[in-house]
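Presented below is the structure to which this report refers.
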Amino acid sequence: MLTGINFSPPLYFLFNFCLQLIFPTSIEQLRIQSLAFIIIGIILSFLLSRKIFGAATAFIATILISSQSSLLLSQSQEARHYAMFFACGAWVLYMQSFNNFTKRNEWLTFFAHLCFCQVHYLGIIFSLLTGFAYFLTSKYTDWFKRIPRIMILSWLVSIASCLFYLTNQKSILNSWPKPNDLSQLFSSYNDSILYLTVLIPVSILFLSIKSNLSTQTYNIEENYNPSTIIITSVLWFSVPFIFWIISRTSSLNLFVDRYFIPKESALIFLVAYGFSFIFHKLPKQNEKTIPMLGTMVVALMLLLLSTKRSAFGLNKNTNYHHSLIIEESYPISKQPIVLAGDPKYFPNAYLGRNEFLFALKNESLIGLYSRFSAKIKFLD
């Protein structure tokens, strides 16, 4: 951490240091740990949504996001701290579902926010936004009582410790480019869930029941008031937009998708809330529409999932093959291009945009490749 290679609070590294003392692991096994943290975060998001909206709605929302989020997929394969950041964010949201602040819940909330802030510096921003949601929805008239004291205590500890870290840390990697065009902003949201996955079934649903809709409405607050979690989720989901604005209006550019990974947990909750609202707008005589809609959503999700996973595999940032291909902008010419090495020659020769010659000096290998295919052209 002091070298600047990992510019972040120490919880992830301290956790693995202690784990290493008990159960020695390799660097490769840390990728399995990241997958475990992603699964923990998904489960907590599901439990939160199920607690408020029911199992069916929570299942649909969780499957939609967890199966399509490129951010969750990529970070579940990385030996880095962003998976833990996601899990801590889901833990913070889950603790909001407890109305009664018992001693046990208070300390669990304290540790949730403390861990959240000690994994990544932006955890403090997400935690403060959670406190702001409490401030907006609290029934207390006294402003000092609107935010739970246990959260304020976690902020004091976190801010004091992070100031200490910042005075002793340096970043040697902050100079790397961070694209912040408008397309990157849309991509940061579209990488979480394909818009069509929600828009198409919702549109079909409204078209199919428009003539039969009753005036009956469903008040989700009959059993529980989720307004604090809803506002928190909306605020978390807006964080990429906020930092995109900051990156466009100042010299501070922190617009990096993985910095905002807690928003995936918030998105699961928001999608569950949206589907719950739609389901409870259905007239009673059309209650069979719910499983039909669920089946249609899953089928559509599988179709879009296949397309998205193919696009993920072909992405230049995730597929080594692309770095070997000569750019399409290279002019087509009759002049042959000489390439050395199997990885360079075969992908380009297969595309056949130009004439390529295989530079090979070993006579035995030339004979071997010649027997493999007569189409291989060698440099004389």
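Numbering of the sequence shown is given in this note's numbering, commencing with residue 30 and proceeding in unit increments.
All residues carry an ideal CB built from backbone N, CA and C; glycine is no exception.
Here the structure is a predicted model, which is why all the values come from computation and not from measurement.
For this session: Whole angstroms is fine: what's the gap from T91's alpha carbon to I71's?
Result: 7 angstroms
Exercise. For the 8 angstroms Cβ check, are there 3 or more pairs between the stretch 96 to 108 and the stretch 299 to 310?
Worked result: no
For this session: Take the Cβ of E293 as the centre, count every other Cβ of all protein chains shown within 10 Å, and call the residue buried at 16 or more, exposed below.
Result: buried
Exercise. CB-CB under 7 angstroms to L414, same chain, minus the five flanking residues each way: which ones, in chain order?
Worked result: As displayed, the chain neither begins before 30 nor continues past 409, which places residue 414 out of reach and without an answer.
Exercise. Taking the Cβ atom as the reference point for each residue, do I89 and V300 lie within a distance shorter than 9 angstroms?
Worked result: yes
For this session: Use the C-beta contact count for V3: other C-beta atoms within 10 angstroms, 16 or more gives buried, fewer gives exposed.
Result: Because the chain in this structure spans residues 30 to 409, residue 3 falls outside the shown range and cannot be described.
Problem set entry | Min CB distance A141 to chain C below 9 angstroms | Although the question refers to chain C, the structure presented lacks it and comprises just one protein chain.
Problem set entry | Buried versus exposed call for W273 [16 or more other C-beta atoms within 10 Å across all chains shown] | buried
Problem set entry | L223 - containing alpha helix (DSSP H), residue span | First-last for L223: undefined, no H or E at that position.
Exercise. Short check: CB of Y41 to CB of R109, under 9 angstroms?
Worked result: yes
For this session: Determine the burial state of D286: buried for a count of at least 16 other Cβ atoms within 10 Å of its Cβ, exposed for fewer.
Result: buried
Problem set entry | Beta-carbon gap between E135 and I176 smaller than 9 angstroms | no
Exercise. Pairing CB atoms from the stretch 147 to 157 with CB atoms from the stretch 165 to 175, are three or more of them under 8 angstroms?
Worked result: no
For this session: Note down, in chain order, each residue of its chain lying with its Cβ closer than 6 angstroms to the Cβ of L386, except the 5 sequence neighbours on either side.
Result: P365, V367, K406, L408
Exercise. Would the beta-carbon of L73 fall within 9 angstroms of that of Y123?
Worked result: yes
Problem set entry | Short Cβ contact (9 angstroms threshold) for I94 with I222 | yes
For this session: Could you tell me the distance, in whole angstroms, from the CA atom of I67 to the CA atom of I290?
Result: 10 angstroms
For this session: On the DSSP bridge assignment, give the partners of F385 in chain order.
Result: I366
For this session: Take the Cβ of K390 as the centre, count every other Cβ of all protein chains shown within 10 Å, and call the residue buried at 16 or more, exposed below.
Result: exposed
Exercise. In whole angstroms, what separates the C-alpha of S256 from that of F52?
Worked result: 43 angstroms
Problem set entry | Paired residues, beta bridge with F407 - DSSP | F387
Exercise. Rounded C-beta distance between C117 and G83? I'm assuming under 8 angstroms.
Worked result: Not confirmed; about 26 angstroms, so no contact.
For this session: Would you mind working out which of Y379, P372, N383, F139 sits nearest S362, comparing C-alpha positions?
Result: N383
Exercise. Going straight from the alpha carbon of D210 to that of L283, what length do you get?
Worked result: 13 angstroms
Exercise. What is the DSSP secondary structure of L192, reduced to helix, strand or coil?
Worked result: helix
For this session: Given a cut-off of 9 angstroms, decide if F164 and F145 are closer than it, judged by their beta-carbon atoms.
Result: no
For this session: Evaluate L77 with the Cβ neighbour count: other Cβ atoms within 10 Å of its Cβ, from every protein chain shown; 16 or more gives buried, anything less gives exposed.
Result: buried
Exercise. For the alpha helix (DSSP H) that contains H142, what are its first and last residues?
Worked result: 132 to 148
Exercise. Looking at S126 and I181, is the spacing between their C-beta atoms short of 9 angstroms?
Worked result: no
Exercise. With distances taken between CB atoms, is the gap from P38 to S190 smaller than 9 angstroms?
Worked result: yes
Exercise. Does the Cβ of A295 have 16 or more other Cβ atoms within 10 Å, making it buried, or fewer, making it exposed?
Worked result: buried
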